[in-house]
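Undergrad: There's a structure below that I have some questions on.
There are 2 protein chains.
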Amino acid sequence: MAVRLITGVHATIGTHSFSMPRDGAPTQVPMRHVEFLRLMSLASCSIHSSHVASLSCKHIIRTTTIEVPEGEAATGQLLEKSVNTIRFLAIDAVEKANSGHVGMPMGCAPMGHILYDEVMRYNPKNPYWFNRDLFVLSSGHGCMLQYALLHLAGYDSVSEQDLKHFSQWGSRTPGHPENFVTPGVEVTTGPLGQGIANAVGLALSEKHLAARFNKPDIEIVDHYTYVILGDGCQMEGISNEVCSLAGHWGLGKLVAFYDDNHISVDGDIEIAFTEDVSARFEALGWHTLWIKNGNTGYDDLREAIKEAKAVTDKPTLTKVTTTIGFGSPNKANSYRAHGSALGTKEVEATRQNLGWRYEAFFVPEDVKCHWSCHVPRGAALEVDWDAKFAEYEKKYPEDAATLKSIISGELPPGWADVLPRYTPEGPEAATRNLSQQCLNALAEVLPCFLGGSADVASSIMTLIKTFGNFQKDTPEERNVCFGVREHGMGGICNGMALHSPGLIPYCATCFVFSDYMRAAMRISALSEAGVLYIMTHDSIGVGENGPTHQPIEHLMNFRTMPNILVLRPADGNETAGAYKVAVLSRKRPSVLPLSRQKLPHLPGTSVEGVEKGGYIISDNSTGNKPDLIVLSTGSELQIAANAADELRRGKTVRVVSLVSWELFQEQSDEYKESVLPESVTARISIEAGCTLGWQKYVGAKGKIIGMDRFGASAPSGKIFKEYGITVESIITASRSL
Amino acid sequence: MAVRLITGVHATIGTHSFSMPRDGAPTQVPMRHVEFLRLMSLASCSIHSSHVASLSCKHIIRTTTIEVPEGEAATGQLLEKSVNTIRFLAIDAVEKANSGHVGMPMGCAPMGHILYDEVMRYNPKNPYWFNRDLFVLSSGHGCMLQYALLHLAGYDSVSEQDLKHFSQWGSRTPGHPENFVTPGVEVTTGPLGQGIANAVGLALSEKHLAARFNKPDIEIVDHYTYVILGDGCQMEGISNEVCSLAGHWGLGKLVAFYDDNHISVDGDIEIAFTEDVSARFEALGWHTLWIKNGNTGYDDLREAIKEAKAVTDKPTLTKVTTTIGFGSPNKANSYRAHGSALGTKEVEATRQNLGWRYEAFFVPEDVKCHWSCHVPRGAALEVDWDAKFAEYEKKYPEDAATLKSIISGELPPGWADVLPRYTPEGPEAATRNLSQQCLNALAEVLPCFLGGSADVASSIMTLIKTFGNFQKDTPEERNVCFGVREHGMGGICNGMALHSPGLIPYCATCFVFSDYMRAAMRISALSEAGVLYIMTHDSIGVGENGPTHQPIEHLMNFRTMPNILVLRPADGNETAGAYKVAVLSRKRPSVLPLSRQKLPHLPGTSVEGVEKGGYIISDNSTGNKPDLIVLSTGSELQIAANAADELRRGKTVRVVSLVSWELFQEQSDEYKESVLPESVTARISIEAGCTLGWQKYVGAKGKIIGMDRFGASAPSGKIFKEYGITVESIITASRSL
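Line by line, the protein sequences are chains H and Z. For the first sequence, full-length UniProt numbering begins at 1 and goes up steadily by one. For the second sequence, full-length UniProt numbering begins at 1 and goes up steadily by one.
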């Protein structure tokens with residue numbers, strides 16, 4: 001799309017012409033622009049007409065001497081100036097904060113410039129425009145690169161003030177990119193390798209949606225995912241996992257730049273990283289390119305992107321050899337440019353070296369003016385797409401409605417009614433199997449519910465029977481086969497969850513192997529990605545496979561992680577309840593630990609109970625004063641119920657299902673008191689997991705039945721017995737209370 | 001080495017000749033054998049002379065018609081029979097347990113046979129002989145392969161009875177290989193990818209020790225590490241991490257077999273794994289080979305091993321294409337042969353198909369006889385090595401003494417005295433820096449203390465200043481540069497710790513990135529690998545880098561993991577104490593969370609206190625009845641101390657450092673009562689981490705100051721203040737008690 005900005009008089013954006021007076025307000029708003037404003041309601045962030053005014057580029061008007069390029073691309077001096085602006089915004093912000101990573105932005109500024117100024121399609125005033133190109137900074141420590149670019153491009157989320165408050169309390173420019181703080185940042189990166197995994201998830205989502213919604217005559221889903229990753233990301237195992245999948249899936253719209261600067265925290269990567277990265281990527285099924293001079297090779301960058309886009313059946317990795325801290329006379333190409341401010345003296349030397357005569361945080365007028373085209377350009381892009389969508393809606397109303405719901409995240413009315421209900425008379429079943437019933441029911445009604453497992457679908461029970469496998473040539477399908485790549489699976493699902501509000505990803509493995517993906521799960525929690533983590537084989541109930549496969553501490557570990565729900569259902573109704581909560585929880589991921597072994601459907605369990613996190617499933621007391629309260633979760637709730645049946649011969653006993661500690665904690669004090677009255681200190685908990693943590697609900701005078709050692713190989717019934725996770729243990733404990 | 005067993009009369013083992021009567025007891029024990037028995041005291045498992053009797057091969061004597069091969073290798077029918085014996089031991093054991101993984105052993109039996117019968121040097125009667133070749137079954141689910149091999153080779157750890165009790169309560173044949181249960185199993189595998197990581201650690205250890213102790217005239221350290229890994233291991237990111245390092249380090253004695261059977265739990269790996277594995281390994285700097293028929297290509301296997309050994313500067317990956325469940329007419333080459341018993345009918349069909357006319361668990365006499373050579377052969381190998389060691393000791397007494405201490409694990413007397421002590425007058429210092437002082441002090445006295453960090457040595461402070469980097473050409477050095485590969489680092493350190501009792505590995509990263517290596521750390525705990533995990537940047541004290549880099553739940557998470565010590569020191573003396581405990585803790589790994597920020601040396605802290613896990617650092621009460629107890633750990637202990645100073649104006653206040661909950665838990669009830677008297681319920685805890693768990697020590701009536709949300713980007717002091725981890729919070733809390 002050609003954008004010509006002619007000094008103070010006229011602007012052409014695509015096919016739209018604007019005439020403007022000298023005060024900067026457009027005199028005519030073309031018809032399609034009006035249409036665009038109307039259509040904006042589709043997206044989650046509205047554009048106000050005042051934004052259109054930014055088209056006027058006041059600076060063009062006031063600085064008539066400034067050269068304004070005819071085409072899209074800045075060239076020559078202006079290009080260098082723009083790139084140096086990015087470098088110095090990073091330098092100045094890190095210097096002011098006296099914290100941060102300056103070397104990467106200095107080296108990657110050319111890549112950043114080309115991507116944000118020439119290649120990517122986005123609308124700065126609506127960072128959530130659905131069909132935008134997506135950018136992921138996998139080397140998240142270099143976030144000042146992205147903040148500088150967002151600032152120049154006209155995103156409201158990164159003002160000059162924000163740049164000046166880089167990594168300070170309450171700022172929108174935290175020390176690593178956070179999607180939940182800074183609109184324009186797609187995902188949360190910093191922990192290395194997570195970003196490239198998210199990017200694979202984003203590209204997968206695009207491929208899936210494109211396959212489902214594009215029509216021969218209208219390509220309504222069509223965007224690229226660009227990612228910059230560094231040596232650190234390359235070393236992390238997760239990146240190999242996800243890149244193997246990206247190659248397998250043929251994610252042709254994933255365009256990755258490997259910032260090959262040869263420096264990491266400890267110095268030259270020669271000490272630990274001498275593999276042939278490009279050859280590895282070729283082995284993974286990627287198209288690879290190499291730009292030997294990433295510091296000034298603008299045309300090479302342009303060509304590489306063109307070539308990457310031309311290769312539609314493979315993702316492309318372009319190795320871009322750069323100099324970390326480019327421009328710093330004494331710290332460039334050294335670890336000293338990596339993780340701290342340059343220091344006043346070196347900043348000055350760098351200013352000298354790059355001929356930068358401006359004060360800190362200054363954006364030269366011509367650079368500002370050049371970048372100012374992105375606001376109108378972005379608006380026009382969205383207008384175009386909106387028009388296309390209107391046409392699509394006319395021709396394909398059903399698909400349009402579905403896509404709309406995926407974009408908005410609105411769930412279909414009555415969706416939760418499909419979740420199965422159970423009665424105590426029903427046959428015993430493992431919650432992993434009950435989970436599969438829920439998954440299959442939900443897949444019928446939720447428009448974009450998709451996921452899979454880390455190569456254990458047949459054991460973890462995640463197969464959606466009405467769909468085939470998402471594969472290179474069948475991207476419209478919904479069973480995603482992640483292979484034995486738990487960590488990558490989690491990272492990919494984060495990307496999927498953050499692609500569109502209505503895209504609800506689930507992923508599954510044995511609970512103990514959550515250890516492999518903990519880092520990605522924590523990013524789910526932090527970045528508000530509502531992934532469903534289906535975690536079967538959730539205790540010593542695993543049996544013969546032994547202690548390497550038996551989680552002990554895992555339940556409590558996720559209960560301590562912020563912003564994540566742990567829902568450990570005991571039977572069918574609780575499993576359905578867990579799914580209901582998890583699907584509704586779009587900004588908080590859910591962990592569903594499920595049993596391998598069969599369990600009875602218990603009287604008293606309910607979906608509504610699960611929604612409260614903790615509730616009474618049975619009680620023979622009156623007046624909220626039972627003699628004893630037995631608390632439990634999941635597969636041990638039946639043991640609690642059985643023990644209560646015996647104990648009730650002489651006592652009043654209440655059985656409480658504490659299925660989700662987080663949800664219970666959020667209930668009113670009255671409700672909590674009605675379930676766990678403070679005056680009743682005779683309490684026993686039973687759970688096949690570690691005891692530390694249960695003190696919170698059992699109190700100083702109660703008894704905790706659990707296990708603080710590793711499991712063992714044996715049939716599961718035997719292990720429960722040997723470890724004392726039994727009715728007898730509860731009865732014995734009750735005697736000592 | 002030629003082993004000839006001639007019917008019932010005579011045996012030759014290397015240069016040793018034995019004559020035997022028909023009752024099987026050797027009449028003459030050659031001199032060198034006596035020498036061997038004497039030398040055995042060097043190793044950690046003693047051989048009793050009765051073992052020598054197994055030399056007699058009773059079966060040879062009784063079954064005179066059986067053909068006994070002249071050379072080492074079984075060939076023709078005997079070879080097939082031996083391989084089928086391995087297959088059927090696996091089939092029968094899994095069938096009896098009705099649990100386990102039978103397909104892998106059926107496919108890999110040829111590899112297993114060649115390795116254990118023809119290639120590997122080991123002594124079945126002393127599984128801990130130092131210079132043995134090491135075998136790692138990274139596809140740990142196929143453990144029946146290894147159990148069958150250990151059984152045939154004559155290891156006492158796997159009797160027929162053990163095979164019959166596969167994966168049952170109390171058996172020595174758990175559902176996945178466990179080094180701490182079954183002598184002969186080197187490491188604990190099952191969680192995929194861990195085994196290959198351990199193998200890299202074992203091979204690194206050999207390379208390091210060989211470089212330090214071998215002499216031009218005596219090669220005293222000289223053993224190979226063999227590993228079998230499958231598709232699952234290959235998909236896991238950790239395997240790419242460690243294989244990248246193995247290539248970088250040029251671990252020529254690492255010989256890996258990739259069981260390329262194309263099947264995983266979910267079926268043909270075509271659905272998720274289409275990369276070119278061999279090309280990837282070449283990119284990682286490995287030598288690669290491919291055996292297209294791993295089912296019967298014995299000569300190819302022999303040749304491959306020869307070639308792998310000939311390539312001394314690179315590890316070798318041999319892709320061995322096998323058929324999972326080889327021999328099963330209806331389940332071979334299918335996921336149905338992977339993770340469960342074949343079933344009575346299919347077992348029968350497989351017996352028919354392979355012409356196996358024996359009952360379950362039967363080892364044919366000729367096979368038994370053939371394998372019986374390994375006991376004397378192994379004894380002789382050890383005798384030879386012991387003789388070599390005696391010579392070495394004579395020529396190089398100092399090196400011999402050092403190597404001996406590494407083999408035995410005996411620490412030099414007074415080693416802990418080198419740990420620095422501090423006084424409150426000393427300058428404030430971050431515990432990460434104090435840690436470096438301890439590391440450097442210990443490196444001077446501990447004979448094989450080595451490790452490094454995941455590319456953050458300069459920030460994590462792990463550099464040992466008197467040593468260089470362990471590299472391909474400088475393997476005698478002790479700073480190991482792991483690159484940004486936390487998970488691989490943990491797995492490699494497990495291998496190092498389990499290589500020799502005196503090899504003490506440490507590894508380091510930011511505490512929050514323990515999430516990347518949790519799976520390996522859990523294996524440390526389970527497999528009793530005494531790795532030191534140095535985890536700096538242990539709280540919101542991280543500051544500007546923000547929530548992705550700030551651990552919250554991690555402290556409590558490791559406190560809930562079985563068999564791992566968490567030691568969070570508050571200052572210099574506690575750091576020294578933490579190191580003392582960690583070094584002594586050879587069968588329990590230690591996690592040392594350390595501060596980024598400077599901390600004062602507090603009055604009252606001590607090494608001895610740390611050894612008790614929890615202790616009083618200050619108190620103005622008498623009679624064990626303070627008005628208030630303030631509990632804390634690490635960087636918050638100074639806050640507790642400062643608050644106590646203020647509160648003591650009107651109250652008696654005790655400050656308790658709860659530096660290691662595990663150690664405190666292990667103290668006597670009297671001691672615990674002396675620190676935390678039950679009668680004192682006015683308790684406040686303060687820790688910059690999650691609150692769940694603290695209820696155990698604070699009780700129902702106390703107050704817990706902590707944080708149950710993610711951190712933020714800001715200078716660390718600001719975050720502490722905003723989150724209320726302050727003196728003021730303690731004082732406010734004390735008012736409400």
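Just so you know, even glycine gets a beta-carbon here, dropped at the ideal spot from N, CA and C.
1) How many Å lie between H:D399 and H:E393 at the Cα?
2) Please compile the residues from chain H whose C-beta is within a distance smaller than 7 Å of the C-beta of Z:T462.
3) Find the nearest neighbour of Z:T323 within the set Z:T344, Z:G230, Z:K306 and Z:P315, judged by alpha-carbon distance.
4) What whole-angstrom Cβ distance do Z:E722 and H:W169 have, given they're in contact under 8 Å?
5) Does the beta carbon of Z:L254 sit closer than 7 Å to a beta carbon anywhere in chain H?
6) Unbroken alpha helix (DSSP H) runs of length 4 or more, entirely within the segment 367-450 of chain H: which are they?
7) Taking Z:L532 as the reference, which of Z:G140, Z:K368 and Z:L442 has the closest Cα?
8) Determine, for Z:E275, whether the minimum Cβ-Cβ distance to residues of chain H falls below 7 Å.
9) Helix, strand or coil for H:M461, going by three-state DSSP, please let me know.
10) Hey, Z:I616 and Z:R654: beta-carbon distance below 7 Å or not?
11) Would the segment 187-199 of chain H and the segment 399-410 of chain H be scored as touching if the rule is three or more Cβ pairs under 8 Å?
12) Run through the segment 465-522 of chain H for me and flag every whole beta strand (DSSP E) of 3 or more residues, listed as ranges in chain order.
13) If you reduce the DSSP assignment to three classes, tell me which class H:T350 lands in.
14) Where do the ends of the beta strand (DSSP E) carrying Z:D260 lie?
15) Based on DSSP bridge pairs, tell me the residues matched to Z:H287.
16) Is the shortest distance between the beta-carbon of H:M561 and the beta-carbons of chain Z less than 7 Å?
17) Give the straight-line distance between the Cα atoms of Z:V610 and Z:F281, rounded to the nearest whole angstrom.
18) Report the partner residues of Z:I629 according to the DSSP bridge assignment.
19) H:L446 to H:G409, Cα distance in whole Å?
20) Determine the chain Z residues that contact H:C690 at a beta-carbon separation under 7 Å, and present them in chain order.
21) With DSSP as the reference, identify every bridge partner of H:L137, one or two as the case may be.
22) Please classify Z:I730 as buried or exposed, where buried requires at least 16 neighbouring CB atoms within 10 angstroms.
23) By DSSP, does H:G195 sit in helix, in strand, or in coil?
24) Does DSSP put H:T321 in a helix, in a strand, or in coil?
25) So, does the CB of H:N179 fall closer than 7 Å to a CB anywhere in chain Z?
26) Given Z:V119, which residues of its chain have a CB within under 6 Å of its CB, disregarding the five upstream and five downstream residues?
27) By a C-beta neighbour count over all protein chains shown, 10 Å radius and 16 as the cutoff for buried, is H:D417 buried or exposed?
28) Taking the beta carbon of Z:T85 as the centre, do at least 16 other beta carbons fall within 10 Å, making it buried, or is it exposed?
29) Whose C-beta lies closer than 7 Å to the C-beta of Z:E265 among residues of the same chain, with five residues either side of it excluded?
30) Between the segment 475-493 of chain Z and the segment 429-438 of chain Z, do three or more beta carbon pairs fall short of 8 Å?
31) In whole angstroms, what is the alpha-carbon distance linking H:V607 and Z:V347?
32) Got a sec, what are the start and stop residues for the alpha helix (DSSP H) residue 744 of chain Z sits in?
33) Please go through the same chain and pick out, in chain order, the residues whose beta-carbon is closer than 6 Å to the beta-carbon of Z:Q665, but skip the five residues on each side of it.
34) Three-state secondary structure (DSSP) at H:S729?
35) Kindly indicate the opening and closing residues of the alpha helix (DSSP H) around H:D645.
36) Would you identify the three-state DSSP class for Z:G142, choosing helix, strand or coil?
TA: In short, the structure shows the following:
1) For this step, residue 399 of chain H is matched to residue 399 along the first sequence. For this step, residue 393 of chain H is matched to residue 393 along the first sequence. Answer to the nearest angstrom: the Cα atoms are 8 Å apart.
2) Looking up residue 462 of chain Z in the second sequence gives position 462. Under the 7 Å cutoff, chain H gives no residues; its nearest Cβ is about 10 Å from Z:T462.
3) For the purposes of this step, residue 323 of chain Z is identified with residue 323 of the second sequence, where counting begins at 1. Minimum Cα distance to Z:T323 is reached at Z:G230.
4) In the second sequence, the residue the question calls residue 722 of chain Z occupies position 722. In the first sequence, the residue the question calls residue 169 of chain H occupies position 169. Contact holds; Cβ gap of about 7 Å.
5) Here residue 254 of chain Z refers to the residue found at position 254 when the second sequence is read from its first residue. False, the Cβ-Cβ gap to chain H never drops below 7 Å.
6) 374-395, 397-408 and 431-445
7) The residue you call residue 532 of chain Z lines up with position 532 of the second sequence. Residue Z:L442 is the option with its Cα nearest to Z:L532.
8) Within the second sequence, numbered from 1, the residue matching residue 275 of chain Z stands at position 275. Chain H, which has a Cβ nearer than 7 Å to the Cβ of Z:E275, makes this yes.
9) Within the first sequence, the letter at position 461 stands for residue 461 of chain H. Coil, per DSSP.
10) If you number the second sequence from 1, residue 616 of chain Z lands on position 616. If you number the second sequence from 1, residue 654 of chain Z lands on position 654. A contact, by the Cβ cut-off of 7 Å.
11) no
12) 479-481 and 504-510
13) Numbered from its first residue, the first sequence carries residue 350 of chain H at position 350. Here H:T350 sits in helix by DSSP.
14) To locate residue 260 of chain Z, count along the second sequence from 1; it is residue 260. Element bounds for Z:D260: L254 to D260.
15) Numbered from its first residue, the second sequence carries residue 287 of chain Z at position 287. In DSSP, Z:H287 forms a bridge with Z:T316.
16) Start at 1 with the first residue of the first sequence, and residue 561 of chain H comes out as number 561. Taking Cβ atoms only, chain Z reaches closer than 7 Å to H:M561, which makes this a yes.
17) Locating residue 610 of chain Z in the second sequence gives position 610, where the first residue counts as 1. Locating residue 281 of chain Z in the second sequence gives position 281, where the first residue counts as 1. Cα to Cα, the separation comes out at about 46 Å.
18) Residue 629 of chain Z sits at position 629 when you count from the first residue of the second sequence. In DSSP, Z:I629 forms a bridge with Z:R654 and Z:R683.
19) The count along the first sequence starts at 1 and reaches residue 446 of chain H at position 446. The count along the first sequence starts at 1 and reaches residue 409 of chain H at position 409. For H:L446 and H:G409, the distance between alpha carbons rounds to 10 Å.
20) As a first step, residue 690 of chain H is located in the first sequence; it is residue number 690 there, counting from the start. Ordered by position in chain Z, the residues that pass the 7 Å Cβ test against H:C690 are T560.
21) As a first step, residue 137 of chain H must be located in the first sequence, where it is residue number 137. Beta-bridge pairing links H:L137 to H:I228.
22) Here residue 730 of chain Z refers to the residue found at position 730 of the second sequence. Buried is the call here.
23) If you number the first sequence from 1, residue 195 of chain H lands on position 195. In the structure shown, H:G195 sits in a helix (DSSP, three-state: H, G or I).
24) By one-based count along the first sequence, residue 321 of chain H stands at place 321. Of the three classes helix, strand and coil, the one that applies to H:T321 here is strand, per DSSP.
25) On the first sequence, position 179 is the one that residue 179 of chain H refers to. Chain Z contact via Cβ: absent.
26) For the purposes of this step, residue 119 of chain Z is taken as residue 119 along the second sequence, with counting starting at 1. Answer for Z:V119: I305, listed in chain order.
27) On the first sequence, position 417 is the one that residue 417 of chain H refers to. Exposed is the call here.
28) Residue numbering aside, residue 85 of chain Z sits at position 85 when the second sequence is read from its first letter. Result: buried.
29) Position 265 of the second sequence, counted from the first residue, corresponds to residue 265 of chain Z. Reading off the sequence shown, one finds Val at residue 265 of chain Z, where the question assumed Glu. Correct list, in chain order: Y335, H338 and G339.
30) no
31) Taking the first residue of the first sequence as position 1, residue 607 of chain H is located at position 607. Taking the first residue of the second sequence as position 1, residue 347 of chain Z is located at position 347. Taking the straight line from one Cα to the other gives about 45 Å.
32) Only positions 1 to 737 of chain Z appear in the structure, and residue 744 of chain Z is not among them; the question remains open.
33) Against the second sequence, residue 665 of chain Z aligns to sequence position 665. Nothing meets the Cβ criterion.
34) On the first sequence, residue 729 of chain H is found 729 positions in, with the first residue counted as 1. Reduced to three states, the DSSP call for H:S729 is helix.
35) Start at 1 with the first residue of the first sequence, and residue 645 of chain H comes out as number 645. That run of the alpha helix (DSSP H) goes L637 to L647.
36) What you label residue 142 of chain Z is simply residue 142 of the second sequence in a count that begins at 1. Helix.
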